[in-house]
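To keep things clear, I will list the structure first and then write my remarks on it.
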Amino acid sequence: MNHTVYLIGRDGHDPALAREIALQLWDMLVDDGLVSTVFYEGQVTDAETFCRLMLSPERALYAAWPEDSCRPSAFAWLSDQTGRAVRLHFCFFRHARRHALPLARQFARFLLAVRDERGERVFETIYGLLPESNLAAIRLGRKLGFRTIGVLPGAAYIAAEDRLEGLALSCLTRKEVFHG
1 MNHTVYLIGR DGHDPALARE IALQLWDMLV DDGLVSTVFY EGQVTDAETF CRLMLSPERA
61 LYAAWPEDSC RPSAFAWLSD QTGRAVRLHF CFFRHARRHA LPLARQFARF LLAVRDERGE
121 RVFETIYGLL PESNLAAIRL GRKLGFRTIG VLPGAAYIAA EDRLEGLALS CLTRKEVFHG
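Taking this note's numbering, the leading residue of the sequence shown gets 1, the next gets one more, and so forth.
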């Protein structure tokens, strides 16, 4: 199934439409029971906080729609850019899980290929931080080629269970994706 990925809520986009899309994503997160998994630290618990976070200037929010549906299959956001490295977050909705790997692969390749107005690569590395208990996400990352760099013991606070666990750091480089 072909998907189109859109950047939501950046310069030149209608802020009301961006908010409406963010609210749709929030409702789908709630309906799928994914809020406490995606926002495991417990800081995002309502639509207002979600919209504020996703549409903030420090983030870039993307959503993927199949060509034959008005329901997005997934969304992703970028945060914590340092130099040419950026943190990538994914969320795949339950109705579209079978598309997770090809969508994630398409998006990772896009991020590592994009160039700025001078023709320079924007990102050399994308990285993820995942609680060790999120095995499905860690497995997906490995299938995409992400390498686990290490685990920060006790760095992931799992709010729903009021406990700490290890936070796995993994990364994927442009060179690894495009073989040089």
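We put the beta carbon where it would ideally sit given N, CA and C, even for glycine.
Decide if residue 179 is buried, meaning its Cβ has at least 16 other Cβ atoms within 10 Å, or exposed. Position 179 of the sequence shown holds residue 179. With fewer than 16 other Cβ atoms within 10 Å, it is exposed.
Every unbroken beta strand (DSSP E) inside the segment 91-175 [3 residues or more]: 125-131, 147-158, 163-173
Which class does residue 86 belong to by DSSP, given the choice of helix, strand or coil? Along the sequence shown, one-based indexing puts residue 86 at 86. Strand.
Using the three-state DSSP reduction, which class does residue 27 fall into: helix, strand or coil? In the sequence shown, residue 27 corresponds to position 27, counting from 1. Of the three classes helix, strand and coil, the one that applies to residue 27 here is helix, per DSSP.
Measure the beta-carbon distance from residue 88 to residue 126 and round it to whole angstroms, keeping in mind my assumption that it falls under 8 Å. What you label residue 88 is simply residue 88 of the sequence shown in a count that begins at 1. What you label residue 126 is simply residue 126 of the sequence shown in a count that begins at 1. The pair is a contact, with the Cβ atoms about 5 Å apart (cut-off 8 Å).
Residue range of the unbroken alpha helix (DSSP H) whose run includes residue 38: Working through the sequence shown from its first residue, we reach residue 38 at position 38. Segment 35-38, the alpha helix (DSSP H) holding residue 38.
Of all the options 98, 69, 103, 109, which has the alpha carbon lying nearest to the alpha carbon of residue 75? As a first step, residue 75 is located in the sequence shown; it is residue number 75 there, counting from the start. Nearest option by C-alpha distance: 103.
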